[in-house]
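Trainee: To convert, count from 1 in the sequence shown and add 7; that's this note's numbering. Take this structure first; my questions come after.
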Amino acid sequence: MRLTESRQWQRVKSTLLNNKTKAIIRIMTKRALRLAAAGGLLLIIINVWNIASVQSQQQLFSQTQSVTQLMMDQAEHEAHYWLEHQNTERLTALTDNIASHPEVMAATIRNRFGELLVHSGVNSSIIDWPTSEDTSEPWVLVEEINLEDNVSGYLQVIFDKNLLLKQSQTAHNGLMQQGKLLLLLAMLAGVFIMLGFNRIRDRYWQVEHH
8 MRLTESRQWQ RVKSTLLNNK TKAIIRIMTK RALRLAAAGG LLLIIINVWN IASVQSQQQL
68 FSQTQSVTQL MMDQAEHEAH YWLEHQNTER LTALTDNIAS HPEVMAATIR NRFGELLVHS
128 GVNSSIIDWP TSEDTSEPWV LVEEINLEDN VSGYLQVIFD KNLLLKQSQT AHNGLMQQGK
188 LLLLLAMLAG VFIMLGFNRI RDRYWQVEHH
């Protein structure tokens, strides 16, 4: 009798252990799947963020080009008027005004034969540009001064590319930091929602099995 009871107890014990082991394995599997899903989602978020960052940098450079081109167009329109009137004093004032911008290193106006008329800023020749100690990177833009295909001269503006992009980069970095903060808040909200869902599910499971 005792032997039979002992065997039955062993069977019950073995069954309980098996059920407990299965439950533990089931829980571990669910947690592993959740971690894998979270890891996969995190990788997707990182990839999307990197792609968005690259596209944002490209848009930033394109916007910078648009701003510089607008400056060139406005200066070209004014320069054409003063060239037609051969007003060197006003042309000099124009190049001085252009060169006064922090991101502009030099401004030059030439006649239709390429001869120098007025110049403001640093060295007029790129060949003489300091490269050993100066950290600036010259970015040269040349615009024809014309009206109805009648070229009257040329406007050359040398921008400091590093400074020009740095000014735009500051605003860009601010937006990126805000984006990171919003992304972090979204991830935290997702974690809290998941924890709340798990608690509700566990309570419902306990009530159902009692």
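All residues carry an ideal CB built from backbone N, CA and C; glycine is no exception.
1. For a quick check, are the C-beta atoms of Glu83 and Ile165 less than 7 Å apart?
2. Could you spell out where the alpha helix (DSSP H) holding Glu144 opens and where it closes?
3. Terminal residues of the continuous beta strand (DSSP E) containing Arg117?
4. Measuring only the C-alpha atoms, how far is Ser139 from Ala43?
5. Considering only their Cβ atoms, is the gap separating Gly160 from Arg97 smaller than 7 Å?
6. Roughly how many angstroms lie between the CA atoms of Glu122 and Val111, to the nearest whole one?
7. Kindly indicate the opening and closing residues of the beta strand (DSSP E) around Asp167.
8. Where do the N-terminal and C-terminal ends of the alpha helix (DSSP H) with Asn94 fall, by residue?
9. Please report the Cβ distance between Asn169 and Ser143, rounded to the nearest whole angstrom; I am assuming they are in contact, meaning their Cβ atoms lie under 8 Å.
10. Taking DSSP's pairing of strands, which residues face Val125 in a bridge?
11. Please say whether Ala86 and Leu101 have beta carbons closer to each other than 7 Å?
12. What does the Cβ neighbour count give for Thr28, buried or exposed, with the cut at 16 atoms within 10 Å?
Mentor: So, from the data block:
1. As a working mapping, residue 83 is identified with position 76 in the sequence shown. As a working mapping, residue 165 is identified with position 158 in the sequence shown. No, Cβ-Cβ distance for Glu83 and Ile165 is not below 7 Å.
2. The residue given as residue 144 occupies position 137 in the sequence shown. Note, Glu144: premise wrong, no alpha helix (DSSP H); not H, not E.
3. As a working mapping, residue 117 is identified with position 110 in the sequence shown. Val111 to Asn118 is the span of the beta strand (DSSP E), which, as asked, contains Arg117.
4. Residue mapping note: residue 139 aligns to position 132 of the sequence shown, counting from 1. Residue mapping note: residue 43 aligns to position 36 of the sequence shown, counting from 1. With a pLDDT of 47 at Ser139, under the threshold of 50, the modelled position of that residue is not reliable, and the figure given next carries that caveat. Rounded to the nearest angstrom, the two C-alpha atoms are 52 Å apart.
5. Residue numbering aside, residue 97 sits at position 90 when the sequence shown is read from its first letter. Residue numbering aside, residue 160 sits at position 153 when the sequence shown is read from its first letter. The answer is no: Cβ separation not under 7 Å.
6. Here residue 122 corresponds to residue number 115 of the sequence shown, with the count starting at 1. Here residue 111 corresponds to residue number 104 of the sequence shown, with the count starting at 1. Whole-angstrom Cα-Cα distance: 22 Å.
7. Taking the first residue of the sequence shown as 1, we reach residue 167 at position 160. Here the beta strand (DSSP E) through Asp167 covers Asn157 to Asp167.
8. Stepping through the sequence shown from its first residue, residue 94 is reached at position 87. Segment: none, Asn94 is in no alpha helix (DSSP H) and carries neither H nor E.
9. For the purposes of this step, residue 169 is taken as the residue at position 162 of the sequence shown. For the purposes of this step, residue 143 is taken as the residue at position 136 of the sequence shown. Sure, about 6 Å apart at Cβ, within 8 Å.
10. The residue given as residue 125 occupies position 118 in the sequence shown. Answer is Ile116, bridged to Val125.
11. Translated into the one-based positions of the sequence shown, residue 101 becomes position 94. Translated into the one-based positions of the sequence shown, residue 86 becomes position 79. Cβ distance < 7 Å, so Leu101 and Ala86 count as in contact.
12. Indexing the sequence shown from 1 puts residue 28 at position 21. Flag for Thr28 reads exposed.
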